[in-house]
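Only one structure is covered here, and it is reproduced in the block below.
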Amino acid sequence: MGLALSPSTPADAAFALADAGALDMILVMTVQPGFGGQPFQAEQLPKVMALRKRYPSIDIQVDGGLGPSTIDAAAAAGANVIVAGTAVFGAYDPAAVITKLRSVVDSVQIP
Numbered sequence: 052m053g054l055a056l057s058p059s060t061p062a063d064a065a066f067a068l069a070d071a072g073a074l075d076m077i078l079v080m081t082v083q084p085g086f087g088g089q090p091f092q093a094e095q096l097p098k099v100m101a102l103r104k105r106y107p108s109i110d111i112q113v114d115g116g117l118g119p120s121t122i123d124a125a126a127a128a129g130a131n132v133i134v135a136g137t138a139v140f141g142a143y144d145p146a147a148v149i150t151k152l153r154s155v156v157d158s159v160q161i162p
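Take the sequence shown: its letters are residues 52 to 162, numbered as in the numbering used here.
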């Protein structure tokens, strides 16, 4: 089961379910849900870091504003699943963007 956290929802909102073993994935929204093309909110990365530190075996997904210029920060914070819409579908070479995003996430070692 997964749980999504909007930008205004703190990481600790996931703790009860995650501590009970009910979650396989936690999605951290790095934009306001609703429409594509919004800028990445780097201020959401501490939430990703806190979740990764507390739950090293749960997938931490990030959605919103992800692309070649933001993927490094998201992966370094602990995101191991990435949602990319505009960066892929608006790209001249979508396959190259996907390859770049995947390689960055794959190169980060989750503790």
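Glycine included, each C-beta is placed from N, C-alpha and C at the ideal position.
Straight-line Cα distance separating residue j from residue i
| i | j | result |
| --- | --- | --- |
| ALA71 | ILE109 | 12 Å |
| MET52 | ILE122 | 25 Å |
| PHE132 | LEU117 | Note on residue identity: the sequence assigns Val, not Phe, to residue 132. Taking the straight line joining both Cα atoms gives about 11 Å. |
| PHE66 | ALA125 | 21 Å |
| VAL159 | ALA101 | 16 Å |
| ASP183 | ARG153 | No answer is possible for residue 183: it lies beyond the span of the chain, which begins at 52 and ends at 162. |
| ALA147 | ALA135 | 13 Å |
| LYS98 | VAL155 | 20 Å |
| SER59 | PRO119 | 25 Å |
Secondary structure of residue i, DSSP reduced to three states
| i | result |
| --- | --- |
| LEU54 | strand |
| VAL113 | strand |
| VAL79 | strand |
| VAL134 | strand |
| THR150 | helix |
| ALA62 | helix |
| PRO145 | helix |
| ALA67 | helix |
Burial state of residue i, where buried means 16 or more other Cβ atoms lie within 10 Å
| i | result |
| --- | --- |
| PHE91 | buried |
| ALA73 | exposed |
| GLY129 | buried |
Integer Cβ distance of residue i from residue j, believed to fall under 8 Å
| i | j | result |
| --- | --- | --- |
| THR137 | GLY85 | With 8 Å as the limit, THR137 and GLY85 do not qualify as a contact, their Cβ atoms being about 13 Å apart. |
| GLN83 | GLN89 | 7 Å |
| LEU56 | ALA62 | 7 Å |
The stretch 73-87 in contact with the stretch 100-117 per 3-pair CB rule at 8 Å: yes
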